[in-house]
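First comes the structure, then the notes that go with it.
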DNA sequence: ATACCTGTTTCCCG
DNA sequence: CCGGGAAACAGGTA
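Numbering (the numbering used here), first residue to last: -7 to 258.
Next up, the structure:
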């Protein structure tokens, strides 16, 4: 599920809980999402407080509570948020249940690659405030891209795009989408990208990020019909643009899908 | 049964 | 010290 737009949608699932008090907190006894945290401390801190706001930044989520308390959630590979009925019974992979009078806010994560963090203080904790500039902001400019290309001149573009220090929220399918639209081979090295291609690449990052937020981020469904997204998940699919056979291979340690007719190495 | 997977961290190498 | 890559984490699904 979770790349930036899916995270934004997940965050909205807890929106109805804002302005309401926490009656009880249930933490899964063994889930790895608590690897930074003491479960009883989480319960002690959050119980009785009021959820006051929520926000996302890339793949990170921040929930604000009364009394200067903060809860961070990262969905990992298989995490998701749900709003369930007040007396909902915990399922096997429910890592966290936050009970309120009219609903139960649930964080479910079968593979447990997600992560829960806590913070206390007037200002948001450092794990939130230290995040790199959001790709949705005006301050996210092409200098960030050119700086990353320069510093990592021997990295395949696919691997670079997944680097959260530069492109917070970029995930596997979004990176494939960006490279496909930019007509860049995913294994192309940072140093091999012309100035012209850099401009295209930057524009397509913005296009895909905004396009994903306006579709997936709003309704939780799929991105627009003509996106590579719909053809990238299994072998033997056809490029929506060129109608030639798409390739799927590991690049930068991740399954990568691209169109050999469109995305040539140079 | 076996391989695969929307993410990140840690370890190892040059 | 830095950059790059592989392995590890864990369980569901095809």
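Every residue gets a Cβ at the ideal spot worked out from N, C-alpha and C, and that includes glycine.
Legend entry - Simplified DSSP state of residue 159, which is helix, strand or coil: coil
Legend entry - Between the CA atoms of residue 238 and residue 227 - distance to the nearest angstrom: 8 Å
Legend entry - Presumed contact (8 Å Cβ cut-off) between residue 251 and residue 229, rounded CB distance: Actually they are not in contact, since the Cβ atoms of residue 251 and residue 229 sit about 10 Å apart, beyond 8 Å.
Inset, instruction - Answer yes or no: do residue 136 and residue 158 have a C-beta to C-beta separation smaller than 7 Å? - result: yes
Inset, instruction - Pick out whichever of 90, 167, 197 and 101 has its Cα sitting closest to the Cα of residue 244. - result: 167
Legend entry - Outcome for residue 112 when other beta-carbon atoms lying within 10 angstroms are tallied against a minimum of 16: exposed
Legend entry - Three or more C-beta pairs below 8 Å linking the region 165 to 179 and the region 144 to 153: yes
Inset, instruction - Specify, as a first and last residue, the run of the alpha helix (DSSP H) that residue 169 falls within. - result: 164 to 174
Inset, instruction - To the nearest angstrom, report how far apart residue 31 and residue 19 are at their CA atoms. - result: 6 Å
Inset, instruction - Using beta-carbon positions only, say whether residue 83 and residue 23 come within less than 7 Å of one another. - result: no
Legend entry - Opening and closing residue of the alpha helix (DSSP H) in which residue 105 lies: Premise fails: residue 105 is in no alpha helix (DSSP H) and is neither H nor E.
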